[in-house]
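Structure first, then comments.
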Amino acid sequence: MLGETESRTADASLSGSRRSPERRAPRPRWSVAGLPRNRLGFEPPRLPRLLVALVAVLATACSASTDQASSDPGADGCDTPGYSAGEIRLGFVYPDSGAGASALAAARSGFIARIEQANAAGGIHGRKLVYSWRDDGSSPTQNLEAVRDLVENENVFGILEASISAATGAEYLREHNIPVAGVPAEQFWADPQYRNMFAYAYQFTDGPSVSTYGEYIEAQGGTRAAVIENDVSPVDHDVATRITSSLASVGIPTVPNRFVFNPTITDPVQLGEKLDQANVDVVITTTNGSALAEIVRGVKAAGAPVKVVFAANGYDKGLLTQYGSALSGLSVATSYVPFEFGGPAHQAYLRAMQYYAPELLPPDQQLALVAYIDTDLFLYGLDKAGTCPTRDSFIDTLRASTYDAGGLLPGPVDLTRDFGQVNLCYTFMKINATGDRYDVVPNPNATPENPNRWCGHRLNQ
Numbered sequence: 001m002l003g004e005t006e007s008r009t010a011d012a013s014l015s016g017s018r019r020s021p022e023r024r025a026p027r028p029r030w031s032v033a034g035l036p037r038n039r040l041g042f043e044p045p046r047l048p049r050l051l052v053a054l055v056a057v058l059a060t061a062c063s064a065s066t067d068q069a070s071s072d073p074g075a076d077g078c079d080t081p082g083y084s085a086g087e088i089r090l091g092f093v094y095p096d097s098g099a100g101a102s103a104l105a106a107a108r109s110g111f112i113a114r115i116e117q118a119n120a121a122g123g124i125h126g127r128k129l130v131y132s133w134r135d136d137g138s139s140p141t142q143n144l145e146a147v148r149d150l151v152e153n154e155n156v157f158g159i160l161e162a163s164i165s166a167a168t169g170a171e172y173l174r175e176h177n178i179p180v181a182g183v184p185a186e187q188f189w190a191d192p193q194y195r196n197m198f199a200y201a202y203q204f205t206d207g208p209s210v211s212t213y214g215e216y217i218e219a220q221g222g223t224r225a226a227v228i229e230n231d232v233s234p235v236d237h238d239v240a241t242r243i244t245s246s247l248a249s250v251g252i253p254t255v256p257n258r259f260v261f262n263p264t265i266t267d268p269v270q271l272g273e274k275l276d277q278a279n280v281d282v283v284i285t286t287t288n289g290s291a292l293a294e295i296v297r298g299v300k301a302a303g304a305p306v307k308v309v310f311a312a313n314g315y316d317k318g319l320l321t322q323y324g325s326a327l328s329g330l331s332v333a334t335s336y337v338p339f340e341f342g343g344p345a346h347q348a349y350l351r352a353m354q355y356y357a358p359e360l361l362p363p364d365q366q367l368a369l370v371a372y373i374d375t376d377l378f379l380y381g382l383d384k385a386g387t388c389p390t391r392d393s394f395i396d397t398l399r400a401s402t403y404d405a406g407g408l409l410p411g412p413v414d415l416t417r418d419f420g421q422v423n424l425c426y427t428f429m430k431i432n433a434t435g436d437r438y439d440v441v442p443n444p445n446a447t448p449e450n451p452n453r454w455c456g457h458r459l460n461q
């Protein structure tokens, strides 16, 4: 039921429940003495921590708390909704049931890991983070019920969200100016009317493209491109259009021929032969999974002299396990710094996942990292907004900020200028010859401090 909450300790199982537990940080079983402080000034625990989402660790011991949401002002006189003397109350909404449950399950683990990490480092301005979660059932109506219940009955300050059915609830949140951060899985996230809703990257946007894709492909020797799409998704067509605009910005033409891959009727080798006849050395595809593997196989089997095969949705370690060397040479891009890069931020994430969300295996899952970063973004806003912000001042402060997830993003994101826009910065990778890993491709024009950063410029409409 939407109104139910239950207390849970850190080692409680996260599976098998459709209820809405309120979670508290465990008492630390380790020492954080001597670890470097992160950008918020807190000492991170010497345990797992991640990315696709971010950085910042906070947290020390916590005690059990009541299940009753409190609207009483704290001893310090702060009467902001969700704030009490020792706590900040947040909500988390995701589909624990329905069509999106399987795809978004990992997001909850990333959220929990970042929250508990923060509490372990002392919380935000000395206040512990507490939360209640709700299942939106992958339903717009249930999503509205969930967010309204969290705001009106649980008295949360703001909401973290990973949903494919958030549009109806988003209208309520916009009308009440409730701060939200989350996975921008729907078009409305990029709408300027929803300035209360924060994300670090946008897939669905009407904004102009960027030069970054073209700069990468030009650096790999590409000179003439073809685009392969599926024949059902208008979203894929929009993505392809953005990439071809990017290619044009660096002088790489795209042939007018329309190439379509339908897995039930398209012969991959014949498709490769058509690409060879079109005299292209760059292939752009918006397909993924087995269709992507078949396209790469067809290009190779036809002997087409292709220098770059770029897949907008090609970063998936499961593909390596299933197809291996058949995908060698494939280029992909991510809007965050991938695990292949390694480094302190990724190790911090992995430690947090191991300690606070050990049920998620393997921990380096894309959605978990994305949720971790989204949560860090919200906590970054709480830290910047001060000890007793209003919801309005939180939104204004965070919207005026620049954010880089402590090194988990390939470049800083201006949360006003880049709101609702295609990202400027990416990490590019290429599958190695044996097909067992993605190798990060350095930018020959990057600075020594950020050799793997590819940041272009925004194009005119």
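By the UniProt record's numbering, the letter at position 63 of the sequence shown is numbered 63, and the numbering carries on one by one without gaps.
For glycine and all other residues, C-beta sits at the position ideal for the given N, C-alpha and C.
Helix, strand or coil, according to DSSP, for A151 in the structure here?
Numbered from 1 along the sequence shown, position 151 holds the residue referred to as residue 151. According to the sequence as given, residue 151 is Val; it is not Ala. Of the three classes helix, strand and coil, the one that applies to V151 here is helix, per DSSP.
Look at the Cβ atom of G420, then the Cβ atom of A190, and state whether they are nearer than 7 Å.
Taking the first residue of the sequence shown as position 1, residue 420 is located at position 420. Taking the first residue of the sequence shown as position 1, residue 190 is located at position 190. Yes. Within cutoff.
For D439, which residues of its own chain have a beta-carbon under 8 Å away from its beta-carbon, when the five flanking residues on both sides are left out?
Locating residue 439 in the sequence shown gives position 439, where the first residue counts as 1. For D439, where only same-chain residues beyond five positions count, the Cβ hits under 8 Å are E340, M429, K430, I431 and N432.
Report the three-state DSSP secondary structure of A226 (helix, strand or coil).
Residue 226 sits at position 226 when you count from the first residue of the sequence shown. Strand, per DSSP.
Roughly how many whole angstroms lie between the Cα atoms of Q68 and P363?
Within the sequence shown, the letter at position 68 stands for residue 68. Within the sequence shown, the letter at position 363 stands for residue 363. Reliability fails at Q68, whose pLDDT of 37 lies under 50, so the model's placement of it is uncertain and no value is given.
Could you check which residue in T427, L150, V422 and N443 has the C-alpha nearest to that of H457?
The residue labelled residue 457 in the question sits at position 457 within the sequence shown. That would be V422, whose Cα lies nearest to the Cα of H457.
Given 8 Å, three or more beta-carbon pairs between the segment 75-86 and the segment 94-103:
no
Thinking A107 and A371 are a contact (beta carbons under 8 Å), I'd like their distance in whole angstroms, please.
Numbered from its first residue, the sequence shown carries residue 107 at position 107. Numbered from its first residue, the sequence shown carries residue 371 at position 371. The Cβ separation is near 4 Å, so the contact holds.
Residue burial classification, D374 (beta-carbon count within 10 angstroms, cutoff 16)
Here residue 374 refers to the residue found at position 374 of the sequence shown. Buried.
Own chain, CB closer than 7 Å to V250, minus 5 neighbours either side, in chain order:
Your numbering for residue 250 matches position 250 in the sequence shown. Contacts found: S211, G214, E215 and E218.
Check for me: the alpha helix (DSSP H) holding V280 runs from which residue to which?
Numbered from 1 along the sequence shown, position 280 holds the residue referred to as residue 280. Where V280 is concerned, there is no enclosing alpha helix (DSSP H), given that its DSSP letter is neither H nor E.
Which runs of the beta strand (DSSP E), 3 residues or longer, sit entirely within the segment 138-198?
158-161 and 180-182
Beta-carbon spacing of V183, L173 below 7 Å
Start at 1 with the first residue of the sequence shown, and residue 183 comes out as number 183. Start at 1 with the first residue of the sequence shown, and residue 173 comes out as number 173. No; because the gap between Cβ atoms is not below 7 Å, this pair is not in contact.
Give me the residue from Y200, N177, R195 and T205 with the minimum Cα distance to E186.
If you number the sequence shown from 1, residue 186 lands on position 186. Of Y200, N177, R195 and T205, the residue nearest in Cα terms is T205.
On the DSSP letters alone, give me the boundaries of the alpha helix (DSSP H) that K317 sits inside.
Within the sequence shown, the letter at position 317 stands for residue 317. K317 to Y323 is the extent of the alpha helix (DSSP H) around K317.
With 16 other CB atoms within 10 Å as the buried threshold, where does D404 fall?
Start at 1 with the first residue of the sequence shown, and residue 404 comes out as number 404. With 16 or more other Cβ atoms within 10 Å, it is buried.
Mind checking N155: buried by the 16 CB within 10 Å criterion, or exposed?
Here residue 155 refers to the residue found at position 155 when the sequence shown is read from its first residue. Its Cβ being crowded by 16 or more others within 10 Å, N155 is buried.
Close-in-space but distant-in-sequence residues of the same chain around G314 (CB under 7 Å, 5 per side omitted)
Mapped onto the sequence shown, residue 314 falls at position 314. N288, L292, L330 and V332.
Going by C-alpha to C-alpha distance, which of S335, G381, Y356 and G407 sits closest to F157?
Along the sequence shown, read from residue 1 onward, the residue named residue 157 stands at position 157. Considering only alpha carbons, the answer is G381.
Just to confirm my understanding: we take A248, look at its own chain, exclude 5 residues before and 5 after, and list those with CB closer than 8 Å. What are they?
As a first step, residue 248 must be located in the sequence shown, where it is residue number 248. So the qualifying residues of the chain are G214 and T254.
Beta carbon of A278 nearer than 7 Å to that of A225
Start at 1 with the first residue of the sequence shown, and residue 278 comes out as number 278. Start at 1 with the first residue of the sequence shown, and residue 225 comes out as number 225. No. Outside cutoff.
Return the CA-CA distance between V413 and E273, expressed in angstroms with no decimal places.
Position 413 of the sequence shown holds residue 413. Position 273 of the sequence shown holds residue 273. Each residue's alpha carbon lies about 41 Å from the other.
Between the C-alpha atoms of A311 and L327, what's the straight-line distance to the nearest angstrom?
If you number the sequence shown from 1, residue 311 lands on position 311. If you number the sequence shown from 1, residue 327 lands on position 327. Their Cα atoms are separated by approximately 11 Å.
Distance check for G342 and P448, CA to CA, integer angstroms please.
Residue numbering aside, residue 448 sits at position 448 when the sequence shown is read from its first letter. Residue numbering aside, residue 342 sits at position 342 when the sequence shown is read from its first letter. Going from the Cα of P448 to the Cα of G342 covers about 17 Å.
Pick from A105, S138 and G298 that is closest to I164, judged by C-alpha positions:
What you label residue 164 is simply residue 164 of the sequence shown in a count that begins at 1. Ranking A105, S138 and G298 by Cα distance to I164 puts S138 first.
Out of curiosity, what's the CA-to-CA distance linking G122 and I115?
The residue given as residue 122 occupies position 122 in the sequence shown. The residue given as residue 115 occupies position 115 in the sequence shown. For G122 and I115, the distance between alpha carbons rounds to 11 Å.
Return the first residue and the last residue of the alpha helix (DSSP H) that I112 is part of.
In the sequence shown, the residue the question calls residue 112 occupies position 112. That run of the alpha helix (DSSP H) goes A101 to A120.
Bounding residues of the beta strand (DSSP E) (the contiguous stretch that carries T334):
The residue given as residue 334 occupies position 334 in the sequence shown. L330 to T334 is the span of the beta strand (DSSP E), which, as asked, contains T334.
Contact under 7 Å by Cβ, T264 with I228
Translated into positions along the sequence shown, residue 264 becomes position 264. Translated into positions along the sequence shown, residue 228 becomes position 228. Cβ atoms of T264 and I228: not closer than 7 Å.
For G91, the residue or residues it bridges with in DSSP
Within the sequence shown, the letter at position 91 stands for residue 91. DSSP, once it has assigned bridges, lists S132 and I159 as partnering G91.
V322 versus D392: straight-line alpha-carbon distance, rounded
The residue given as residue 322 occupies position 322 in the sequence shown. The residue given as residue 392 occupies position 392 in the sequence shown. Reading off the sequence shown, one finds Gln at residue 322, where the question assumed Val. Roughly 48 Å between the two C-alpha positions.
Take D276 as the anchor and find which of S132, A446, R351 and G303 has the nearest alpha-carbon.
Reading the sequence shown from its first residue, position 276 is the one you call residue 276. Of the listed residues, the one whose Cα sits closest to D276 is G303.
Is I265 helix, strand or coil by DSSP?
Residue numbering aside, residue 265 sits at position 265 when the sequence shown is read from its first letter. Three-state DSSP puts I265 in coil, outside helix and strand.
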